[in-house]
Amino acid sequence: MSDFVIQNLVIHIALSFKRIAEGFQISKIEDWEQGNYLAERKIAEKILHRVYLATGLEFPKEEVDYITLHLISKASCQESQNTKIDTNQEIRKQLLEALEQVEHVKDYQFQHYFQLVEGVVTHLSTFYLRLRNHVRLENPLLKDIQQQSPAVLKMTREILQEMPIFSKEDLSDDEVAYVALHFMAALERLKERQKFNILVICATGYGSALMLKNRIVNELGNLVHIVDVIGYYELDDERLKDIDFIISSIDLSNLVFSVPVFTVSIFLNAEELKSIKQKVSQLKPIGTCLPVKAMITFDKDSERIFDKYFSPSCFILMQDATKEQILQELLTKMEQGEEKDFVTHMQELIKQREKMSSVVFSEQVAVPHPIKPLAKNHKIGVAIVRNGVQWNEESPKIQLIFLPSPSVYGNEEMATLTSKIVDLLEQPDLQAKILSCQSFTEFKALFLNIK
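Mapped onto my numbering, the consecutive letters of the sequence shown carry residue numbers 106 to 556.
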């Protein structure tokens with residue numbers, strides 16, 4: 106018996122504890138020739154008897170039948186009395202083809218992970234037998250998987266539907282979730298192998314920088330690789346190259362970067378660690394194929410937050426314009442309620458910020474903003490330029506401009522919105538729709554749809 110059959114047996118027995126405890130029952134196997142598999146059934150009974158001696162838990166007859174199916178699946182299965190096919194071989198062939206062909210799956214290169222492929226093949230061989238014998242199995246982990254890994258669940262169903270052997274079957278969410286467990290485990294193993302490249306920004310002082318660096322290494326060393334520890338004024342485009350995120354002991358919340366920024370104390374306390382780990386679990390290292398999710402998601406008050414920062418009065422649609430014209434027009438619209446010379450001062454602060462590092466985040470999107478807050482009232486201006494604008498020599502056709510203007514009095518929820526702007530970079534289809542919108546109302550509906 107292969108290690109993968111044993112592994113799947115152990116997983117099934119472990120899940121059966123949860124099934125029995127929560128009152129789940131697997132359906133009785135009807136119309137199958139048990140007499141052909143007496144040896145396998147005897148082994149199944151012995152396995153569960155040993156488990157009973159160790160735990161005192163009695164297993165129903167249906168669980169014995171299911172273990173028997175596991176054992177049968179290690180051999181070739183009869184298609185008819187006169188014809189035999191190697192089910193494992195056919196399932197493996199179809200699985201590998203699906204992993205290479207399904208959109209959003211092929212980039213993972215799962216087909217090269219032996220442990221994953223063999224584990225899934227073993228599971229699917231048993232699954233195939235259950236389908237032939239009309240056995241439906243409830244999954245006590247289904248709700249947890251639906252809540253915590255809906256994308257993996259959807260991906261797993263797409264893979265199974267691509268396989269001819271399962272494509273015409275009515276696959277229950279319970280069964281798909283069992284297969285999804287294998288892919289969830291594989292993704293976790295991938296994450297462990299791929300560390301994030303991070304930049305640490307600290308206030309002047311060797312001692313404080315060393316303390317923060319050591320805390321990061323001790324607490325997050327399995328997740329991150331520290332590329333450099335620098336001061337605030339050393340930050341530039343070259344330093345940000347190939348960086349996944351920034352950990353800073355200096356508040357950078359008024360600045361917008363194309364990567365996430367975590368603000369911490371030099372002691373990196375438990376709450377800060379918890380927050381970083383939670384959000385980092387939804388990111389991917391640069392150059393990897395792990396799925397990307399938004400670092401910060403909108404809560405139920407998403408529209409309220411949007412309305413606090415965006416408004417029709419600070420939204421413009423243009424056919425052609427220069428960079429200077431766009432900034433001038435946006436700032437003029439945003440100066441209402443501000444001090445005298447607001448526009449002039451903002452232009453200078455925006456120039457200072459752009460000297461630090463580029464505010465162009467993609468071929469089409471720029472996010473100019475001041476190096477420090479100036480406004481009394483926070484706002485985000487938006488300009489859509491149909492024919493594009495030459496922002497600099499490297500960016501000849503910027504079409505979507507966001508201009509955040511943080512308040513000197515506080516910007517608690519601006520990070521949520523700027524994070525969404527960064528998330529938009531990964532959604533070209535949604536970008537195209539925004540660039541084609543004809544009104545602020547249409548823009549709002551599309552922006553709130555950023556995932």
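The C-beta atom is built at its ideal place from N, Cα and C for all residues, glycine as well.
Note that the coordinates shown come from a computational prediction; the quantities given were computed from them, not determined experimentally.
Next item on the list: For D404, count neighbouring Cβ atoms within 10 angstroms of its own Cβ and tell me buried if that reaches 16, exposed if not.
Entry: Stepping through the sequence shown from its first residue, residue 404 is reached at position 299. Low per-residue confidence applies at D404: pLDDT is 43, beneath 50, and the placement is therefore not dependable, though the value from the model is reported in the following sentence. By the neighbour-count rule (16 or more Cβ atoms within 10 Å), D404 is not buried but exposed.
Item checked: Coarse secondary structure for H330, derived from DSSP in three states -> Counting from one through the sequence shown, the residue named residue 330 turns up at place 225. The three-state secondary structure of H330, taken from DSSP, is strand.
Next item on the list: Using only alpha-carbon positions, find the residue among L242, A291, D356 and L295 that is nearest to S277.
Entry: On the sequence shown, position 172 is the one that residue 277 refers to. When each option's Cα is compared against that of S277, the closest is L242.
Note to self: If you measure between the beta carbons of L360 and M423, is that distance less than 9 Å?
What the structure shows: Walking along the sequence shown from the start, residue 360 turns up at place 255. Walking along the sequence shown from the start, residue 423 turns up at place 318. Contact: no.
Note to self: Looking at the secondary structure, which residues open and close the beta strand (DSSP E) in which S105 lies?
What the structure shows: Since the first residue shown for the chain is 106 and the last is 556, residue 105 is missing from the structure and cannot be characterised.
Item checked: Secondary structure of L120, DSSP reduced to three states -> Walking along the sequence shown from the start, residue 120 turns up at place 15. L120 falls in the helix class under three-state DSSP.
Check: Tell me which same chain residues have a C-beta within less than 7 Å of the C-beta of N482, skipping the five on either side of it?
Finding: By 1-based counting over the sequence shown, the position of residue 482 is 377. Hits under 7 Å: G442 and S512.
Notebook entry, point to check: Closest to L529 by CA distance: which of K477, E468 and S500 is it?
Noted result: As a working note, residue 529 is residue 424 in the sequence shown. When only C-alpha atoms are compared, the closest one is E468.
Next item on the list: Return the chain-ordered list of same chain residues with a C-beta closer than 7 Å to the C-beta of S358, the five sequence neighbours on each side being excluded.
Entry: Here the question's residue 358 lines up with position 253 in the sequence shown. Closer than 7 Å at the Cβ level, and outside the excluded window around S358, lie T368, N516 and A520.
Checklist line | Proximal residues to I148 (C-beta, below 7 Å), its chain only, five neighbours per side dropped | finding: The count along the sequence shown starts at 1 and reaches residue 148 at position 43. Counting only Cβ-Cβ distances below 7 Å, and skipping sequence neighbours, we find L176.
Check: So what does DSSP say about I193, is it helix, strand or coil?
Finding: Here the question's residue 193 lines up with position 88 in the sequence shown. Sequence check: residue 193 is Asn here, not Ile. Assignment of N193 by DSSP, reduced to helix, strand and coil, places it in the helix class.
Next item on the list: For the beta strand (DSSP E) holding I575, just list the boundary residues, first then last.
Entry: Outside the shown range of the chain, which is 106 to 556, sits residue 575, and nothing can be said about it.
Check: Applying the criterion that 16 or more other CB atoms from any shown protein chain within 10 Å of the CB defines a buried residue, is T160 buried or exposed?
Finding: Taking the first residue of the sequence shown as position 1, residue 160 is located at position 55. Label assigned to T160: exposed.
Note to self: To the nearest angstrom, how far is the alpha carbon of Q266 from that of I196?
What the structure shows: Translated into positions along the sequence shown, residue 266 becomes position 161. Translated into positions along the sequence shown, residue 196 becomes position 91. Using only the alpha carbons, I get a separation of about 13 Å.
Note to self: Would C307 and I348 qualify as a contact pair, given that the criterion is a beta-carbon distance under 9 Å?
What the structure shows: Sequence index remark: in the sequence shown, residue 307 carries index 202 (1-based). Sequence index remark: in the sequence shown, residue 348 carries index 243 (1-based). Contact: no.
Item checked: Residues bridged to S407 [DSSP beta-bridge criterion] -> As a position in the sequence shown, residue 407 is number 302, starting the count at 1. Checking the DSSP bridge columns, you'll see S407 has no partner listed.
Notebook entry, point to check: Enumerated in chain order, which unbroken segments of the alpha helix (DSSP H) with a length of 4 residues or greater are wholly contained in the stretch 493 to 551?
Noted result: Entirely contained in the stretch 493 to 551, the alpha helix (DSSP H) runs reaching 4 residues are, in chain order, 519 to 529 and 533 to 541.
Next item on the list: Tell me M423's beta-bridge partners as DSSP assigns them.
Entry: As a working mapping, residue 423 is identified with position 318 in the sequence shown. In DSSP, M423 forms a bridge with V490.
Notebook entry, point to check: Do the stretch 533 to 553 and the stretch 413 to 430 make contact, defined as three or more Cβ pairs closer than 8 Å?
Noted result: Judged by Cβ distances under 8 Å, the stretch 533 to 553 makes contact with the stretch 413 to 430, as three or more pairs qualify.
Margin query: I'd like to check one pair, Q452 with L436: are the Cβ atoms closer than 9 Å?
Written below: As a working note, residue 436 is residue 331 in the sequence shown. As a working note, residue 452 is residue 347 in the sequence shown. Yes, the pair counts as a contact, with Cβ atoms nearer than the cut-off.
Note to self: Between which residues of its own chain and H228 is the CB-CB distance below 8 Å, once the five residues before and five after are set aside?
What the structure shows: Here residue 228 is taken as the residue at index 123 of the sequence shown, counted from 1. So the list reads N113, Y283, V284 and H287, once near-sequence residues are dropped.
Check: With 16 other CB atoms within 10 Å as the buried threshold, where does P533 fall?
Finding: Reading the sequence shown from its first residue, position 428 is the one you call residue 533. Taking all protein chains shown into account, P533 has fewer than 16 neighbouring C-beta atoms within 10 Å of its C-beta and is therefore exposed.
Notebook entry, point to check: Contact check, I371 vs L317 under 8 Å by CB: the rounded distance?
Noted result: Taking the sequence shown and counting its residues from 1, the one referred to as residue 371 is at position 266. Taking the sequence shown and counting its residues from 1, the one referred to as residue 317 is at position 212. Taking the Cβ atoms as the reference, I371 lies roughly 5 Å from L317, within the contact range of under 8 Å.
Notebook entry, point to check: Are the stretch 484 to 499 and the stretch 377 to 384 in contact at 8 Å, needing three or more beta carbon pairs?
Noted result: Fewer than three beta-carbon pairs drawn from the stretch 484 to 499 and the stretch 377 to 384 are found closer than 8 Å, and the two stretches are therefore not classed as touching.
Note to self: Rounded to whole angstroms, what is the Cα-Cα separation between R237 and A291?
What the structure shows: On the sequence shown, position 132 is the one that residue 237 refers to. On the sequence shown, position 186 is the one that residue 291 refers to. Taking the straight line from one Cα to the other gives about 28 Å.
Next item on the list: Would you kindly work out how many angstroms separate the C-alpha atoms of I351 and V490, rounded to a whole number?
Entry: For this step, residue 351 is matched to residue 246 along the sequence shown. For this step, residue 490 is matched to residue 385 along the sequence shown. Distance between the alpha carbons of I351 and V490: 31 Å.
Margin query: So, under 8 Å CB-CB, L120 and P269 are touching, yes? Tell me the CB distance rounded to an integer number of Å.
Written below: Taking the first residue of the sequence shown as position 1, residue 120 is located at position 15. Taking the first residue of the sequence shown as position 1, residue 269 is located at position 164. Their Cβ separation, rounded to whole angstroms, is 28 Å, which puts L120 and P269 out of contact at 8 Å.
Next item on the list: Helix, strand or coil for I401, going by three-state DSSP, please let me know.
Entry: Numbered from its first residue, the sequence shown carries residue 401 at position 296. Bear in mind that a pLDDT of 35 at I401, under 50, signals an unreliable position, so the number given afterwards is only what the model happens to contain. I401 falls in the coil class under three-state DSSP.
Notebook entry, point to check: Which whole-angstrom value is the C-beta distance of V281 and R262, which I expect to be below 8 Å?
Noted result: On the sequence shown, position 176 is the one that residue 281 refers to. On the sequence shown, position 157 is the one that residue 262 refers to. Between R262 and V281 the Cβ distance is about 5 Å, and since that is below 8 Å, they are a contact.
Note to self: Please identify the residue among V169, R155 and V156 whose C-alpha is closest to the C-alpha of R146.
What the structure shows: Position 41 of the sequence shown, counted from the start, is the residue given in the question as residue 146. Closest by alpha carbon: V169.
Margin query: Under DSSP, the beta strand (DSSP E) around L304 begins and ends at which residues?
Written below: The residue you call residue 304 lines up with position 199 of the sequence shown. For L304, the enclosing beta strand (DSSP E) starts and ends at F301 to I306.
Item checked: Rounded C-alpha distance that separates I539 from I526 -> Within the sequence shown, the letter at position 434 stands for residue 539. Within the sequence shown, the letter at position 421 stands for residue 526. When only Cα atoms are considered, I539 and I526 end up about 12 Å apart.
Notebook entry, point to check: Does the Cβ of I111 have 16 or more other Cβ atoms within 10 Å, making it buried, or fewer, making it exposed?
Noted result: On the sequence shown, position 6 is the one that residue 111 refers to. It is exposed - the Cβ of I111 has fewer than 16 other Cβ atoms within 10 Å.
Next item on the list: Reducing DSSP to helix, strand and coil, say where K484 ends up.
Entry: Indexing the sequence shown from 1 puts residue 484 at position 379. Annotated three-state conformation of K484 is strand, per DSSP.
Check: Hey, E408 and L553: beta-carbon distance below 9 Å or not?
Finding: As a working note, residue 408 is residue 303 in the sequence shown. As a working note, residue 553 is residue 448 in the sequence shown. Contact: yes.
Item checked: Coarse secondary structure for C182, derived from DSSP in three states -> Numbered from 1 along the sequence shown, position 77 holds the residue referred to as residue 182. Confidence at C182 is low in this model, with a pLDDT of 43, below 50, so its placement is unreliable and the value that follows should be read with caution. Three-state result, C182: strand.
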